[in-house]
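S.K.: Note that the sequence shown covers residues 7 to 244 in our numbering. Note that the Cβ used here is the ideal one computed from N, Cα and C, for glycine as well.
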Amino acid sequence: MKFPGAKRRPPFVTLPRHKRSHEVIRLKGKMRRDAAEYGGRFTSRLVLNEPGRPDLYNQWFDFYFPGTDRFTIWNASFVTARKAFWDKAHDLAHTRVGAMLTPEEREENSNWEFVPAQRSSTGKILTYKLAEREEMRFEQFGGLTFHEQWRKLEAEIARNEPPVIHESFKLDRSYVYGIGLKIVLDANAINQASIEAAIDRFIELGETDWVSPEPVPRDRLPVVSEHEALATVTFPAE
7 MKFPGAKRRP
17 PFVTLPRHKR
27 SHEVIRLKGK
37 MRRDAAEYGG
47 RFTSRLVLNE
57 PGRPDLYNQW
67 FDFYFPGTDR
77 FTIWNASFVT
87 ARKAFWDKAH
97 DLAHTRVGAM
107 LTPEEREENS
117 NWEFVPAQRS
127 STGKILTYKL
137 AEREEMRFEQ
147 FGGLTFHEQW
157 RKLEAEIARN
167 EPPVIHESFK
177 LDRSYVYGIG
187 LKIVLDANAI
197 NQASIEAAID
207 RFIELGETDW
217 VSPEPVPRDR
227 LPVVSEHEAL
237 ATVTFPAE
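1) Under 8 Å by Cβ, that's how I've got residue 19 and residue 79 pegged, so tell me the actual separation to the nearest angstrom.
2) What distance in whole Å lies between the Cβ atoms of residue 187 and residue 82, which are believed to be in contact at a cut-off of 8 Å?
3) Under 9 Å, do residue 204 and residue 92 count as touching if we go by C-beta distance?
4) Spell out the partners DSSP gives residue 187 in its beta bridges.
5) Please identify the residue among 160, 144, 107 and 68 whose C-alpha is closest to the C-alpha of residue 233.
6) Counting C-beta neighbours from all protein chains within 10 Å, is the total for residue 65 16 or more, i.e. buried, or is it exposed?
7) Give the single residue among 127, 55 and 155 whose Cα lies nearest to the Cα of residue 102.
8) For the alpha helix (DSSP H) containing residue 156, name the first residue and the last one.
9) Using 10 angstroms around the beta-carbon of residue 241, count the other beta-carbons present and answer buried if the total reaches 16, otherwise exposed.
10) Taking residue 26 as part of the alpha helix (DSSP H), name the residues at either end of that continuous run.
11) Whose C-beta lies closer than 7 Å to the C-beta of residue 146 among residues of the same chain, with five residues either side of it excluded?
12) Name the one or two DSSP bridge partners that residue 216 has.
13) Which stretch, first to last residue, makes up the alpha helix (DSSP H) that contains residue 15?
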């Protein structure tokens with residue numbers, strides 16, 4: 007939705023050098039203040055070391071770090087090869103399930119109704135909520151709902167049609183804060199050590215786009231879907 011008079015901020019890379027340099031200085035100051043939490047080489051708006059959080063829940067992280075010059079900020083999103091695999095299986099399954107429905111079935115399945123949730127003393131509607139309804143079941147899915155079939159196919163793809171994953175660094179210069187950096191690396195979990203290793207590797211490669219010519223070995227990737235994997239995680243009793 008666009009609002010009258012609203013102006014989109016220009017991409018970071020189009021700013022004058024003195025403005026970019028000022029933002030880098032500010033970022034470095036924040037990194038120093040946050041050093042006890044993140045180690046001093048990057049910072050983030052996310053919690054990195056949440057006590058008791060299982061490794062399977064530490065498969066992605068967003069963070070910021072300065073480039074090797076005085077004018078660059080990297081606005082990074084880091085996912086493990088495992089998470090990239092799960093995301094591909096998830097998206098592929100969704101596309102296939104959607105293709106099995108007619109346009110009319112897709113529209114009816116996504117046609118959610120909202121009903122009043124709260125009224126004022128005069129009867130004016132203040133808020134709405136999603137109306138409860140039973141999910142549609144489809145003959146072509148053997149009586150399963152869209153989400154049940156989606157989850158089923160996602161698990162089958164993970165086992166029988168594993169997506170190929172390559173480690174990579176991909177740049178996006180359209181960001182309004184820093185330069186976007188999508189990172190996919192083979193790590194068991196994302197923590198301070200794996201983030202610092204990713205930064206080092208990116209710098210060694212010349213801070214540029216890169217895709218590994220070799221795929222991540224199959225034995226380093228899951229054989230179950232993300233939903234199946236997370237269902238096995240047990241949390242300590244409070």
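M.R.: In short, the structure shows the following:
1) Actually they do not touch by this definition, with Cβ atoms about 10 Å apart.
2) 4 Å
3) no
4) 82 and 177
5) 160
6) buried
7) 155
8) 152-166
9) exposed
10) 23-39
11) 106
12) 175
13) From DSSP, residue 15 is part of no alpha helix (DSSP H); its letter is neither H nor E.
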